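Engineer: Just so you know, numbering that gives the first Met the number 0 puts 371 at position 372 of the sequence shown, and the rest follows in order with no gaps.
Where a beta carbon is used, it is the ideal one built from N, C-alpha and C, also for glycine.
Fair warning: this is a prediction, and the values are worked out from it, not measured in the lab.
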Amino acid sequence: MPSPVEGENPNSTSVRIISVNLGGNSISLPRKGLTKMDTEEWMGECIKKLQFEDQEKLELAYGVEIEADAVFLACRIIMQYPDVFQFDSRGVGDTQKEILQVKVVELLEEACVKMRDKFEYSRQEEDDLDVFEYLLRRTLVELNEIKKERDPSTQKWSDRVAKEHEELKGTWNQLEMKWMQLQTSRQRYDIRAREALLLERMHERLVFCINEARLKKVNNFSGMLQWIDDHVTELLYTTRKDFRHELTVSSHVIAKAVSPLIDAPPPWLLSEPPLLQNLEQRIAKRVIGQEHVLHAVTAALSRQRPQRRPLGSFLFMCGSGHGRTEIAKALAELLFGNKDMITEFDLAKHTGPNSLSRPIGVLSSHMEPGMKGELSEAVKKRPLGVILFDNVDKAHVSIIDILAEIIGSGYLLDGQGNTVDFTKTLVIMTTNVGCDKFWPWHCKCADEVQKFPVKEGNMMMHGKQNTITVIFLF
0 MPSPVEGENP
10 NSTSVRIISV
20 NLGGNSISLP
30 RKGLTKMDTE
40 EWMGECIKKL
50 QFEDQEKLEL
60 AYGVEIEADA
70 VFLACRIIMQ
80 YPDVFQFDSR
90 GVGDTQKEIL
100 QVKVVELLEE
110 ACVKMRDKFE
120 YSRQEEDDLD
130 VFEYLLRRTL
140 VELNEIKKER
150 DPSTQKWSDR
160 VAKEHEELKG
170 TWNQLEMKWM
180 QLQTSRQRYD
190 IRAREALLLE
200 RMHERLVFCI
210 NEARLKKVNN
220 FSGMLQWIDD
230 HVTELLYTTR
240 KDFRHELTVS
250 SHVIAKAVSP
260 LIDAPPPWLL
270 SEPPLLQNLE
280 QRIAKRVIGQ
290 EHVLHAVTAA
300 LSRQRPQRRP
310 LGSFLFMCGS
320 GHGRTEIAKA
330 LAELLFGNKD
340 MITEFDLAKH
350 TGPNSLSRPI
360 GVLSSHMEPG
370 MKGELSEAVK
380 KRPLGVILFD
390 NVDKAHVSII
400 DILAEIIGSG
410 YLLDGQGNTV
420 DFTKTLVIMT
430 TNVGCDKFWP
440 WHCKCADEVQ
450 KFPVKEGNMM
460 MHGKQNTITV
470 IFLF
């Protein structure tokens, strides 16, 4: 039997750690056959071409400035989540490169639109000012009424209302200053946008006149128009560049634009998993009485993670009603920013010999129509999140085989021949098997273990924290 981890007391904890499987959030290869060097070279070529051909067009069209990091992040996200963006990255041909460039441009354009919409005038800002102005006036009226009262007991409220009035006044002044700055920026932006529009129309008209003059072979007139056109073009680009700095499309804007598409919080798209700080303390506020379990899980998630495996693979051994599902939901909310970022599968419903078709699907044939898999489609639509497999001990052996493939490689080939990426999921399996071996000692096993004729190896399964044994899987 494997030995416990360093520092673990086998007589005082219900958590048994065998080994750990953790995957990274760095860029992973979406399909087999592509090396990391191929992928980086491919992305570099795409980004250079995009910056040369499309970036300036988008900046001029939407009056924004697109940072280089935003272009790189947009390309990386599409490469990481090809199923979400309907992008086939199994090859590195010219067609795939062109499609990748189109997808990146579409994503950047969506971010530019969101940036412009955010900058446009919003009625909500004026409504907020109106609300604070009303509260400010109300406290002023209350303060004046209190001063008129002769009752000494009423005068004690004067300082409190006066303090509230000053706080509201300070908030209102800050909102008014922010609102005025936005209004000034918007007015300046609108003026420059109108100037640029007029210059564009003038430019179009001049181009038409130049072409017409060339057709009529009026060389002198054509040369004069060309000189004017050059100066108008220079003025147009100068005007555009002057006011596009008002709006900057950064990597954070890209992450916010992509977040609803893949059900992932923006921090996950920007860097390594950012929500591990104080994770144990935050989960402990939701799950009571499982301190050793929480410590083991959070310690494992904080370790160095291989790239081509899930974020974590855990087996919870306990009976029903002891918090295993609540721990999974708490991890979904605290790691991925949403309690709904969890997909549950009851493997007790997958016990037959034909159970494999439901989770991974089957190809269509002349005998029967094709069917998409429940598990594979769920992960394609939501590449990040917790996947909870209940009652893993009751599943058919074919289901166990695909679970082993997911845990071991981080990828799964579904029934339709598509590769499904599990490297950004947290896999949790539960079972009731083995609970009877440590149930009699669920309260004070450290004190009572000597009274029972058990083998030395089984002592590691006893625990004071009464319910869950956690096994971290390869």
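Between the segment 337-354 and the segment 388-402, can you find at least three pairs of beta-carbon atoms closer than 8 Å?
Structural biologist: yes
Engineer: Would you tell me roughly how many angstroms separate the C-alpha atoms of S249 and G407, rounded to the nearest one?
Structural biologist: Counted from its first residue, the sequence shown places residue 249 at position 250. Counted from its first residue, the sequence shown places residue 407 at position 408. The straight-line gap from Cα to Cα measures roughly 36 Å.
Engineer: For R357 versus D262, is the C-beta spacing smaller than 8 Å?
Structural biologist: Translated into the one-based positions of the sequence shown, residue 357 becomes position 358. Translated into the one-based positions of the sequence shown, residue 262 becomes position 263. In this structure, D262 does not lie closer than 8 Å to R357 by Cβ.
Engineer: Could you check if K423 is buried or exposed, using at least 16 other CB atoms within 10 Å of its CB as the buried criterion?
Structural biologist: Stepping through the sequence shown from its first residue, residue 423 is reached at position 424. The residue is buried, with at least 16 neighbouring Cβ atoms inside 10 Å.
Engineer: Tell me whether the beta-carbon of R323 lies closer than 8 Å to the beta-carbon of T429.
Structural biologist: Your numbering for residue 323 matches position 324 in the sequence shown. Your numbering for residue 429 matches position 430 in the sequence shown. Yes. Within cutoff.
Engineer: Kindly indicate which three-state DSSP category I287 falls into: helix, strand or coil?
Structural biologist: Counted from its first residue, the sequence shown places residue 287 at position 288. Of the three classes helix, strand and coil, the one that applies to I287 here is coil, per DSSP.
Engineer: Count the other C-beta atoms from every protein chain shown that fall within 10 angstroms of the C-beta of T138, then say buried if there are 16 or more, exposed otherwise.
Structural biologist: On the sequence shown, position 139 is the one that residue 138 refers to. By the neighbour-count rule (16 or more Cβ atoms within 10 Å), T138 is buried.
Engineer: Please name the residue in S301, I427, V419 whose C-alpha comes closest to that of Q79.
Structural biologist: On the sequence shown, position 80 is the one that residue 79 refers to. Nearest option by C-alpha distance: V419.
Engineer: Tell me whether F51 sits in a helix, a strand or coil according to DSSP, three-state version.
Structural biologist: Counting from one through the sequence shown, the residue named residue 51 turns up at place 52. Helix.
Engineer: For the putative contact between Q100 and C45, defined by C-beta atoms under 8 Å, what is the C-beta separation to the nearest angstrom?
Structural biologist: Locating residue 100 in the sequence shown gives position 101, counting from the first residue. Locating residue 45 in the sequence shown gives position 46, counting from the first residue. Going by Cβ atoms, the distance from Q100 to C45 rounds to 6 Å, so yes, they are a contact pair.
Engineer: Looking at L330: is its Cβ nearer than 8 Å to the Cβ of L425?
Structural biologist: The residue you call residue 330 lines up with position 331 of the sequence shown. The residue you call residue 425 lines up with position 426 of the sequence shown. Their beta carbons are under 8 Å apart, which means L330 touches L425 by this criterion.
Engineer: When you compare only the Cα positions, how much space is there between V257 and L106?
Structural biologist: As a position in the sequence shown, residue 257 is number 258, starting the count at 1. As a position in the sequence shown, residue 106 is number 107, starting the count at 1. Distance between the alpha carbons of V257 and L106 is about 8 Å.
Engineer: Let's test the definition: count the other Cβ atoms within 10 Å of the Cβ of R204 and tell me whether it reaches 16, buried, or not, exposed.
Structural biologist: Position 205 of the sequence shown holds residue 204. Exposed is the call here.
Engineer: Does the beta-carbon distance from L246 to E64 come in below 8 Å?
Structural biologist: Taking the sequence shown and counting its residues from 1, one reaches residue 246 at position 247. Taking the sequence shown and counting its residues from 1, one reaches residue 64 at position 65. In this structure, E64 lies closer than 8 Å to L246 by Cβ.
Engineer: Taking the alpha-carbon of G416 as reference, which of P264, D400, E376 has the nearest alpha-carbon?
Structural biologist: Within the sequence shown, the letter at position 417 stands for residue 416. Checking every option, the nearest Cα to that of G416 belongs to E376.
Engineer: Residues bridged to L411 by DSSP?
Structural biologist: As a position in the sequence shown, residue 411 is number 412, starting the count at 1. Its beta-bridge partners are V419.
Engineer: If the criterion is Cβ atoms closer than 8 Å, does the pair I341 and V292 meet it?
Structural biologist: Taking the first residue of the sequence shown as 1, we reach residue 341 at position 342. Taking the first residue of the sequence shown as 1, we reach residue 292 at position 293. Contact flag unset, no.
Engineer: Residues in the same chain with beta-carbon distance under 6 Å from G336, minus the five sequence neighbours each way, listed in chain order, please.
Structural biologist: Stepping through the sequence shown from its first residue, residue 336 is reached at position 337. If we look at G336 and ignore the five residues flanking it on each side, its Cβ neighbours are P264.
Engineer: Compare the Cα-Cα distances from H251 to each of L260, L268, P259 and report the closest residue.
Structural biologist: For the purposes of this step, residue 251 is taken as residue 252 along the sequence shown, with counting starting at 1. With distances taken between Cα atoms, H251 lies closest to L268.
Engineer: Sort out for me which residues DSSP pairs F388 with in a bridge.
Structural biologist: What you label residue 388 is simply residue 389 of the sequence shown in a count that begins at 1. Answer is F344, M428, bridged to F388.
Engineer: Pull up the distance between the alpha-carbon of H321 and that of S312, whole angstroms please.
Structural biologist: Taking the sequence shown and counting its residues from 1, the one referred to as residue 321 is at position 322. Taking the sequence shown and counting its residues from 1, the one referred to as residue 312 is at position 313. Straight-line spacing of the CA atoms in H321 and S312 works out to 19 Å.
Engineer: Quick one: measure Cβ to Cβ for F388 and L411, integer angstroms, because I've assumed they're closer than 8 Å.
Structural biologist: Counting from one through the sequence shown, the residue named residue 388 turns up at place 389. Counting from one through the sequence shown, the residue named residue 411 turns up at place 412. Actually they do not touch by this definition, with Cβ atoms about 13 Å apart.
Engineer: Are V83 and L260 close, meaning C-beta to C-beta below 8 Å?
Structural biologist: Translated into positions along the sequence shown, residue 83 becomes position 84. Translated into positions along the sequence shown, residue 260 becomes position 261. Yes. Within cutoff.
Engineer: Please report how far the alpha carbon of L134 lies from the alpha carbon of V140, in whole angstroms.
Structural biologist: If you number the sequence shown from 1, residue 134 lands on position 135. If you number the sequence shown from 1, residue 140 lands on position 141. Cα to Cα, the separation comes out at about 10 Å.
Engineer: Based on the DSSP output, what are the partners of I65 in its beta bridges?
Structural biologist: If you number the sequence shown from 1, residue 65 lands on position 66. According to DSSP, I65 bridges with V248.
Engineer: Where does K371 fall in DSSP's three states?
Structural biologist: Here residue 371 corresponds to residue number 372 of the sequence shown, with the count starting at 1. K371 falls in the strand class under three-state DSSP.
Engineer: Since V160 and L174 are thought to touch, with beta carbons under 8 Å apart, how far apart are those beta carbons, to the nearest angstrom?
Structural biologist: Counting from 1 along the sequence shown, the entry for residue 160 is found at position 161. Counting from 1 along the sequence shown, the entry for residue 174 is found at position 175. That belief does not hold up - the Cβ atoms of V160 and L174 are roughly 21 Å apart, past 8 Å.
Engineer: In whole angstroms, what separates the C-alpha of A500 from that of A283?
Structural biologist: Outside the displayed range of the chain (0 to 473) lies residue 500, so it cannot be described from this structure.
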